[in-house]
Amino acid sequence: MKRHIPNLITLLNVLCGCIATVFAVANILEMAALFVCLGIFLDFLDGLAARLLRVKSELGVQLDSLADMITSGLVPGIVMFQLLNMSELGGWNMASNISWASDSDFSFLPFSGFLITLASAYRLAKFNIDENQVNSFIGLPTPANALLIISLPLILLYQNNDVLNGIILNQWFLISLTLLSGYLLNSRIELFALKFENWGFKDNALRYIFIIISLVVLITMRFLGIPLIIVFYVLGSWVQNLTVKNR
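For the sequence shown, this note's numbering assigns the number 100 to the initial residue and increments by one for each residue that follows.
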């Protein structure tokens, strides 16, 4: 019975991804973000459960990637699509669905947001056949990238700063972030994984420090802290890699 527990948790992640997709398409991005965050938590929980129960399986690995494709691959692409559509319309509007469907000013630009989804699919496929990504990741994990993308509408909605709004709804910023996202997902940058084989501080010092700093940043900066945490994650991993190579 216990061997089914991690897979059940993963299927709950799939459900969260499906619900988040519906909300993202309806342009209710704060609810989409909520279910993405819940799905990412379940993604962490299923791996932890598999390690604690010692029931790792190839089925679980494949199912986990399929769940990530929905929650952390498809949904961020839709969110970026919606943000690019808003930037084309010239302002922030979470109250309406796609508004150009029958208009003469139809644009293909918002569809470029799905480059994130394509890059996520490619990254997850590579991850499944790469036996080196056990204690670390090569490239930005899809859940981290998803958090980066879904933080943007949350910053718009809950921090409502004119300067931040202007930056986030700038087409060039969104296109640049989309391209950067696709690059980071499939880059050769080695990043530490938040996988705890035990709870000792010596073996998990960087993980504990990262979690503590992340909590402080979130409390003080709210949703604006999420992009900063992702930047710290990448830079912290880079510094760690340099330290290991120089030993």
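Even glycine gets a Cβ: it sits at the ideal position worked out from N, Cα and C.
No experiment lies behind these values; they were computed from the predicted model shown.
Since residue i contacts residue j with CB under 8 Å, what's their CB separation in whole angstroms?
i: residue 106; j: residue 138; result: Rounded, the Cβ-Cβ distance is 15 Å, inconsistent with contact.
i: residue 281; j: residue 220; result: Incorrect: roughly 11 Å between the Cβ atoms, too far for contact.
i: residue 162; j: residue 109; result: 5 Å
i: residue 218; j: residue 284; result: 5 Å
i: residue 147; j: residue 101; result: Not a contact, Cβ separation roughly 14 Å.
i: residue 167; j: residue 223; result: 6 Å
i: residue 286; j: residue 226; result: At roughly 13 Å, the Cβ-Cβ gap does not stay under 8 Å, so residue 286 and residue 226 are not in contact.
For residue i, which of helix, strand or coil comes out of DSSP?
i: residue 207; result: coil
i: residue 171; result: helix
i: residue 235; result: strand
i: residue 154; result: coil
i: residue 186; result: helix
i: residue 347; result: In the structure as shown, the chain begins at 100 and stops at 346. Residue 347 is therefore absent and cannot be evaluated.
i: residue 303; result: coil
i: residue 252; result: helix
i: residue 125; result: coil
i: residue 240; result: coil
i: residue 106; result: helix
i: residue 258; result: coil
For the beta strand (DSSP E) containing residue i, list its first residue and its last residue.
i: residue 290; result: 289–291
By Cβ distance below 7 Å, which residues in the same chain neighbour residue i in space, the five residues on each side in sequence not counted?
i: residue 176; result: 212, 213, 215 and 216
i: residue 130; result: 122
Among residues of its own chain, excluding the 5 on either side of residue i, which ones have a beta-carbon nearer than 6 Å to its beta-carbon?
i: residue 116; result: 138, 169 and 170
i: residue 252; result: 128
i: residue 272; result: 266
i: residue 206; result: 187
i: residue 324; result: 316 and 317
i: residue 132; result: 249 and 253
Starting from residue i, trace the alpha helix (DSSP H) both ways and give me its first and last residue.
i: residue 225; result: 214–228
i: residue 270; result: 270–284
i: residue 323; result: Where residue 323 is concerned, there is no enclosing alpha helix (DSSP H), given that its DSSP letter is neither H nor E.
i: residue 264; result: 261–267
Suppose the cutoff is 8 Å on Cβ atoms and the five residues either side in sequence are ignored; what does the same chain contact list for residue i look like?
i: residue 322; result: 250, 253, 254, 257 and 258
i: residue 159; result: 105, 106, 109, 145 and 149
i: residue 289; result: 235, 236, 237, 336 and 340
i: residue 180; result: 209, 210, 212 and 213
Tell me whether residue i, by its Cβ, gets closer than 8 Å to a heavy atom of the ligand HEM.
i: residue 316; result: This structure simply doesn't include the ligand HEM, nor any ligand for that matter.
*Is there contact between the segment 305–323 and the segment 234–246, where contact requires at least three CB pairs shorter than 8 Å?*
no
*Count the C-beta pairs between the segment 141–148 and the segment 124–131 that are closer than 8 Å, then say yes if the count reaches three, no if not.*
no
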